[in-house]
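Quick notes on the structure that follows.
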Ligand code: G6P
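Residue numbers (full-length UniProt numbering): 242 to 596.
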C-alpha cells in the first residue's frame with residue numbers, strides 16, 4: 242500500500258495531485274480546439290428533449306452541475322438524489338436518464354436507473370469503471386477516465402465528472418459559448434496544476450483547524466462546489482460543515498454564523514451573480530465571521546475576506562473545478578492536523594451497495 246501512494250502520505254493527497262493527468266485523460270481525443278467542437282461519438286446523436294440526472298453523494302453534486310449545463314443550453318434538466326428518485330419516480334416523458342456514478346455500483350443509483358428503464362426511459366451511465374453494473378445495464382456509457390481512486394473521499398473522480406459532463410453537454414447540445422468553454426477546458430489541467438503548486442490552503446487549514454463549523458457558499462456553477470466543499474470537510478474531518486446556495490444564507494443559515502464559523506465563499510467574475518454573492522459575503526462579515534474568499538479577483542470580495550484562495554480568470558464552469566481543488570486541500574489539511582483516518586473515514590465506504 243505504501244508504494245501505491247507514490248511518496249504521498251495518503252491516497253487522497255495523491256489523487257488530488259493526479260487531477261491534471263486525470264483531466265487530460267478525460268479530454269484526450271474528445272476536443273478539437275481549432276474547430277471549437279467536441280467528439281463524443283454516437284452519443285452526439287441522442288439529442289434528448291430533457292435530461293434527468295440521478296446520483297448520490299459527491300456524484301450528486303456533479304449531477305447538479307451537469308443539470309445546469311444542459312439548462313444553459315436550453316434543454317430542461319434536473320438532478321435527483323437517486324434514493325429519492327427510486328422512491329417516487331417523477332414523470333420522465335422523453336427525457337434521457339443519466340446516472341452519475343464513479344463506481345457504477347452504488348445501489349441507490351442502480352435502483353433509480355432500473356426504475357427509469359422500467360418506465361421505458363433511455364439511460365446512460367457517466368462512470369469511471371468500464372464493465373461496471375451501471376455501464377452494463379444502461380443503454381449508453383460515457384467514461385470519465387480518472388483512473389482508479391482508492392481514497393474513500395472522492396476527489397479526482399469529481400473533477401473528472403465535471404469535465405466529462407461538460408463534454409457531454411457540448412456534444413449533445415448547441416451552445417453559443419462552445420468555443421469559450423472548450424478553451425477553458427483545455428487550460429484546465431494546467432490551471433489545476435498551478436493551484437496544486439501555489440495554493441495557500443494549508444495556511445487556511447492551520448488558521449481554522451479548531452473552528453466550531455465550516456460553511457460554504459456559492460451561486461450558479463459554484464453552488465455544487467459549495468456543497469462538495471462541505472461534504473469533503475464532513476467526511477474526512479468529522480467536523481460540522483454545510484454548503485448553501487449564497488442566496489439562501491439569509492433565509493435561515495445566517496443564524497448559525499459566529500466568530501468561530503469560517504464562511505468559504507466562491508466568487509468568480511464581476512457580473513450580476515458575483516455582485517449578489519458579494520452582498521451575501523458582506524452580511525457574513527458584518528456578523529464577524531471569518532471569510533475565506535475563493536476568487537479570481539474580479540469582484541471586490543477580497544476587501545471583505547480574511548483569507549483569499551486565488552483562482553485564475555477563466556470560464557465559470559472551469560473555475561468550479563479550480564475552486565474545488567483549493568477546497569479539497571483545505572479539508573485534507575484540516576483532517577491531517579486533526580490526525581484523522583483520511584483514506585478510510587469512520588463509518589464510510591467507497592462504494593455503498595445497499596439501499
Ligand atoms: C459513497 C462514497 C462517496 C460517493 C458515493 C457515490 O457514499 O463514500 O464518496 O460520492 O458513494 O458513489 P458513486 O460510486 O456512485 O459515485
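Just so you know, even glycine gets a beta-carbon here, dropped at the ideal spot from N, CA and C.
In terms of Cβ geometry, residue 336 and residue 356 do not form a close pair [threshold 8 Å]. Bounds of the alpha helix (DSSP H) holding residue 573 are 557-578. Taken from the Cβ of residue 593, at least one heavy atom of ligand 1 lies inside 7 Å. By the C-beta criterion, the region 264-273 is judged not to be in contact with the region 303-311, since fewer than 3 inter-stretch pairs fall below 8 Å. The beta carbon of residue 593 sits closer than 7 Å to those of 347, 348, all from its chain and outside the five residues before and after it, given in chain order. In this chain, residue 384 is not harboured by any alpha helix (DSSP H); it is covered by the beta strand (DSSP E) spanning 381-384. Within the DSSP bridge table, the entry for residue 273 names 278 as partners. Between the alpha carbons of residue 378 and residue 400 lies a distance of about 24 Å.
Between the region 363-376 and the region 555-564, the count of Cβ pairs shorter than 8 Å is below three; the stretches do not touch. The beta carbon of residue 432 is closer than 6 Å to those of 553, 563 in its chain, skipping five residues each way along the sequence. The bridge partners DSSP lists for residue 293 are 319, 338.
Per DSSP, the continuous alpha helix (DSSP H) segment holding residue 448 begins and ends at 442-449. Secondary-structure assignment with DSSP links residue 365 through a beta bridge to 339, 381. Straight across, the Cα-Cα distance linking residue 316 with residue 582 is about 42 Å. Counting only the Cα atoms, residue 549 lies some 41 Å from residue 289. The Cβ atoms of residue 296 and residue 345 do not sit closer than 8 Å to each other. With respect to residue 478, residue 576 sits close: the two C-beta atoms are nearer than 8 Å. In terms of Cβ geometry, residue 566 and residue 343 do not form a close pair [threshold 8 Å]. Looking from the CA of residue 418, the closest CA among 314, 490, 579 belongs to 314. Annotation: residue 301 to residue 466 spans about 11 Å, alpha carbon to alpha carbon. According to DSSP, residue 302 shares a beta bridge with no other residue. About 4 Å separates the Cβ atoms of residue 572 and residue 473, confirming a contact at the 8 Å cut-off.
Burial is judged here by how many other beta carbons sit within 10 angstroms of a residue's own beta carbon; residue 334 has fewer than 16 and is exposed.
In this structure, residue 522 sits near residue 532, with a CB-CB distance shorter than 8 Å.
It is roughly 12 Å from the alpha-carbon of residue 535 to the alpha-carbon of residue 541. The continuous beta strand (DSSP E) containing residue 508 extends over residues 504-508. Counting the other Cβ atoms within 10 Å of the Cβ of residue 447 gives fewer than 16, which makes it exposed. Contact between residue 338 and residue 318 does not hold, since the beta-carbon distance rounds to 11 Å and is not under 8 Å.
Taking non-hydrogen atoms of ligand 1 into account, the C-beta of residue 343 is found less than 7 Å away from one of them.
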